[in-house]
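**Q**
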Amino acid sequence: MGLQQGFVTWFVGVLFLTTLLLSSADVHHYEFFVRESNFTKLCNTTTLLVVNDSYPGPEIRVHRGDTVFVNVHNQGNYGFTIHWHGVKQPRNPWSDGPEFVTQCPIQPGTNFTYEIVLSDEIGTLWWHAHSDWTRGSVHGAFIILPAKKETYPFPTPDADQTVILESWYDGDYKQIIDDALAAGVSPRQPNAYAINGHVGDTYGCPNDTIFRMQVDSEKIYLLRIINAAMNEHFFFTIANHTLTVVAQDASYVRRFTRDYILISPGQTMDVLVSANRNVGQYYMAIRPFSDSSAAPIDNITTGIFQYTNSEGGLNASLITLPVMNDTDAMINFLNQIRNTKVSQNPGINVPADKDIKRRVFIAIAVNNLPCSTCVVGSRLVASLNNVSYVSPSIDILQAYYNRNMSGVYTEDFPLNPPVIYDFTGNLTNLNTPVEEGTRVIVVNYGEGVEMVLQATQMGAGGSHPIHLHGFSFYWVGTGFGNFNNKTDPSTYNLVDPPLINTVHVPGRRWVAIRFFATNPGVWFMHCHLERHSSWGMDTVLIVRNGKTKKTSIRPPPATMPRCPGT
């Protein structure tokens, strides 16, 4: 009865929103030409694979409920795919994008047109390559404006500005991870961090450029902040200004104000800032956050928040940001994020205890496996429940949909850790056995799902941004230490939990998420720290078809890229 009631509530909400949006939905077409171009930063010229010769790539800007077709032309030297991060793609996993999960690569000299179906997403998302480390240079913003005749649930900004936070490497991103995997070691650190492709004024090269955002006094601006970095969580601030967070992951949140934000790889945040200080120039700045023993380089990258008609130097040369390992600043920020009951959001529909038909408890870890050809006789791998994901050579969606391919994946991902230990304790001398494989989770259409994600101290420990394709989910709980399934569920927030697509799992802590499995398809789930995903910190969620055509996967387009050897 609980499952039925939950589904009815979800369906009525979707029906209402669909009726509202379809009356004014538009269709948009974009052309992406992906090829190598030269860029000079840090007094060094590097050749990168980019879209339309720009870094970051072109912005997609549409309205809620629209449909977008993007024709991607591969004019580069190797295959890749593109993912539309945070777009749920109802019934349309064929255009979701992760390589060898929902499609095979777009090969050089070929093209493929993605159909991106928007539903209730609102605000800021992004797109990026989903092959190897290619997303480091192949990425851009995906802006979803309110539908026609729809308003913001906050003061209408005078203008908006996209702010993309990035990891800059002097070198080919794909080659960097390929070399590291062959040696069995961690990939090297980035040479700099960037804001909208600019590395700022802190790295010592006189030719480097700094991002400038020009503002008018007393105007309100909506910052659309995207963390496109490869492996770095970031603190972000604008000197002498307050930041009001209004949305995360294309869903409105209860407004709250801080002098900094924390944003993890894969996440997006919409932030209001008022240009209400003395006319002048003020630093905006980012610094990495880390609670891991494998910390990133503690560099600060700058931009400038510049008032019109300001003269002279910077008004505030002192940048105030938490120190890199300030876990209190991290927790204090995360604890502020709550859903908000506004008409522009889908109705809050958290699966109740009685709705939960599938519970999954996942231990997140970094491990080692023997390797005779590697630098130190072993290689780094990563795992979820002691399974290190192996990418197949045929995409899982094709194998699942056609039902005529065996050996591509197995439906036996462990729903609980096979080895129970003190996940957040001192694990210096512990290395639990790890198996490699392509093992997936399977759930029935409409089921309520709960996942508990447990950070462990295996490897370097630390935080993990976990992203689930095809869904926005409710982040219902978090706590310090090891999850206790008897007592910790009583602390869940089932009233106003954030509706997000990428959740920050802090080191030595756990988080719990819930959602209804109402999107049939094959959906990737992975850590958005790119080195961890490359090592196997991934799995796949398959949602079976429902009983009707409208609750089943759409047929594949005839133009899907062919898999190698087929």
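Going left to right, the sequence shown walks through residues 8 to 573 as my numbering numbers them.
Every residue, glycine too, gets a C-beta built ideally from N, C-alpha and C.
1) From the DSSP output, which residues share a beta bridge with Gln313?
2) Please state the DSSP three-state secondary structure of Ile184.
3) With H, G and I counted as helix, E and B as strand and the rest as coil, what does DSSP make of His539?
4) Let's see if you can read the secondary structure: which residues bound the alpha helix (DSSP H) around Met337?
5) How is Gln196 classed by DSSP in three states: helix, strand or coil?
6) When you compare each of Arg365, Arg551, Phe39 and His533 to Asn423 by their alpha carbons, which one comes out closest?
7) According to DSSP, simplified to helix, strand and coil, what is Ala406?
8) Check this for me: beta carbons of Ser470 and Gly514, under 8 Å apart or not?
9) Apply the 10 Å Cβ neighbour rule to Ser497 and answer buried if 16 or more other Cβ atoms are within range, or exposed otherwise.
10) Could you check whether Asn59 and Phe46 sit closer than 8 Å to each other, using their CB atoms as the reference points?
11) For the structure I just gave you, are there three or more beta carbon pairs, one from the segment 323 to 335 and one from the segment 231 to 245, closer than 8 Å?
12) Around the Cβ of Asp73, are there at least 16 other Cβ atoms within 10 angstroms (buried) or fewer (exposed)?
13) What does a CB cutoff of less than 8 Å around Ala301 pick up in its chain, not counting 5 residues either side in sequence?
14) Where does Lys155 land, buried or exposed, given buried means 16+ other C-beta within 10 angstroms?
15) So, with DSSP's three-state summary, where would you put Ala519?
16) How about Phe87 and Pro63: are their beta carbons less than 8 Å apart?
17) From this set, Thr131, Gly432, Phe107 and Val77, which residue's C-alpha is nearest Asn508's C-alpha?
18) For His590 and Trp482, I'd like the C-alpha separation in whole angstroms.
19) Ile403 and Val529 - do their beta-carbons sit closer together than 8 Å?
20) Tell me which residue opens and which closes the beta strand (DSSP E) that Arg366 is part of.
21) Just mark Leu28 as buried or exposed, buried being the case when its beta carbon has 16 or more other beta carbons within 10 Å.
22) What are the start and end residues of each continuous beta strand (DSSP E) run of 3 or more residues lying completely inside the segment 130 to 179, in chain order?
23) Assuming contact is defined by CB atoms lying nearer than 8 Å, are Lys48 and Trp175 in contact in what I supplied?
24) Tell me whether the beta-carbon of Ile123 lies closer than 8 Å to the beta-carbon of Val75.
25) From Arg71, His511, Asn285 and Asn552, pick the residue whose C-alpha is nearest to that of Phe296; which is it?
26) Which of helix, strand or coil does DSSP assign to Pro425?
27) When DSSP builds the beta bridges, which residues end up paired with Ile473?
28) Rank Gln82, Gly178, Ser540 and Lys181 by C-alpha distance to the C-alpha of Ser395 and give the top, closest one.
29) Contact defined as beta carbons within less than 8 Å: I believe Val286 pairs with Ser224. What is the distance between those atoms, to the nearest angstrom?
30) Just tell me which of Phe119, Leu55 and Tyr228 has its CA closest to the CA of His80.
31) Output yes or no for whether 8 Å exceeds the beta carbon distance between Tyr452 and Ala519.
32) Distance check for Ile344 and Ala359, CA to CA, integer angstroms please.
33) By Cβ distance below 6 Å, which residues in the same chain neighbour Pro563 in space, the five residues on each side in sequence not counted?
34) Count the other CB atoms within 10 Å of the CB of Asn198; is the residue buried (16 or more) or exposed (fewer)?
35) Beta-carbon separation of Tyr314 and Val252 under 8 Å?
**A** So, from the listed chains and residues:
1) Counting from 1 along the sequence shown, the entry for residue 313 is found at position 306. Partner(s): Gln221 and Gln288.
2) For the purposes of this step, residue 184 is taken as residue 177 along the sequence shown, with counting starting at 1. Correct three-state label for Ile184: helix.
3) The sequence position of residue 539 within the sequence shown is 532, counting from 1. In this structure, His539 counts as helix in the three-state DSSP scheme.
4) Here the question's residue 337 lines up with position 330 in the sequence shown. Here the alpha helix (DSSP H) through Met337 covers Thr334 to Leu341.
5) Here residue 196 corresponds to residue number 189 of the sequence shown, with the count starting at 1. Coil at Gln196, not helix or strand.
6) Counted from its first residue, the sequence shown places residue 423 at position 416. When only C-alpha atoms are compared, the closest one is Arg365.
7) Position 399 of the sequence shown holds residue 406. Helix, per DSSP.
8) Start at 1 with the first residue of the sequence shown, and residue 470 comes out as number 463. Start at 1 with the first residue of the sequence shown, and residue 514 comes out as number 507. Yes, the Cβ-Cβ distance between Ser470 and Gly514 is below 8 Å.
9) Counted from its first residue, the sequence shown places residue 497 at position 490. The residue in question, Ser497, is exposed, as its Cβ has fewer than 16 Cβ neighbours within 10 Å.
10) Here the question's residue 46 lines up with position 39 in the sequence shown. Here the question's residue 59 lines up with position 52 in the sequence shown. No.
11) yes
12) Looking up residue 73 in the sequence shown gives position 66. Buried: at least 16 other Cβ atoms inside 10 Å.
13) Along the sequence shown, one-based indexing puts residue 301 at 294. Contacts found: Ser193, Gly466, Ala467 and Gly469.
14) Mapped onto the sequence shown, residue 155 falls at position 148. Lys155 is exposed by the Cβ-count criterion.
15) Taking the first residue of the sequence shown as position 1, residue 519 is located at position 512. Three-state DSSP puts Ala519 in a strand.
16) Locating residue 87 in the sequence shown gives position 80, counting from the first residue. Locating residue 63 in the sequence shown gives position 56, counting from the first residue. Not a contact, by the Cβ cut-off of 8 Å.
17) Locating residue 508 in the sequence shown gives position 501, where the first residue counts as 1. Of the candidates Thr131, Gly432, Phe107 and Val77, the one whose C-alpha sits nearest the C-alpha of Asn508 is Thr131.
18) In the structure as shown, the chain starts at 8 and stops at 573, and residue 590 therefore has no counterpart that could be examined.
19) As a first step, residue 529 must be located in the sequence shown, where it is residue number 522. As a first step, residue 403 must be located in the sequence shown, where it is residue number 396. Closer than 8 Å, so yes.
20) Start at 1 with the first residue of the sequence shown, and residue 366 comes out as number 359. Segment Ile363 to Pro377, the beta strand (DSSP E) holding Arg366.
21) What you label residue 28 is simply residue 21 of the sequence shown in a count that begins at 1. Low local confidence applies: a pLDDT of 46 at Leu28 is under 50, so the model's placement there is unreliable, with the coordinate-based value given in what follows. Result: buried.
22) 130 to 136, 146 to 152 and 166 to 175
23) Walking along the sequence shown from the start, residue 48 turns up at place 41. Walking along the sequence shown from the start, residue 175 turns up at place 168. Contact flag set, yes.
24) As a working mapping, residue 123 is identified with position 116 in the sequence shown. As a working mapping, residue 75 is identified with position 68 in the sequence shown. In this structure, Val75 lies closer than 8 Å to Ile123 by Cβ.
25) Here residue 296 is taken as the residue at index 289 of the sequence shown, counted from 1. Out of Arg71, His511, Asn285 and Asn552, His511 has the C-alpha closest to the C-alpha of Phe296.
26) Here residue 425 refers to the residue found at position 418 of the sequence shown. Coil at Pro425, not helix or strand.
27) Here residue 473 is taken as the residue at index 466 of the sequence shown, counted from 1. DSSP, once it has assigned bridges, lists Val510 and Cys534 as partnering Ile473.
28) Here residue 395 corresponds to residue number 388 of the sequence shown, with the count starting at 1. Considering only alpha carbons, the answer is Ser540.
29) Here residue 286 refers to the residue found at position 279 when the sequence shown is read from its first residue. Here residue 224 refers to the residue found at position 217 when the sequence shown is read from its first residue. With a Cβ gap of about 6 Å, Val286 and Ser224 count as contacting.
30) Along the sequence shown, one-based indexing puts residue 80 at 73. The shortest C-alpha separation from His80 is found at Phe119.
31) Residue mapping note: residue 452 aligns to position 445 of the sequence shown, counting from 1. Residue mapping note: residue 519 aligns to position 512 of the sequence shown, counting from 1. Against a cut-off of 8 Å, the Cβ pair of Ala519 and Tyr452 comes out as no contact.
32) As a working note, residue 359 is residue 352 in the sequence shown. As a working note, residue 344 is residue 337 in the sequence shown. So the two alpha carbons sit approximately 21 Å from each other.
33) Reading the sequence shown from its first residue, position 556 is the one you call residue 563. Excluding positions up to five away in sequence, the list reads Trp101.
34) The residue given as residue 198 occupies position 191 in the sequence shown. With 16 or more other Cβ atoms within 10 Å, it is buried.
35) Sequence index remark: in the sequence shown, residue 314 carries index 307 (1-based). Sequence index remark: in the sequence shown, residue 252 carries index 245 (1-based). The answer is no: Cβ separation not under 8 Å.
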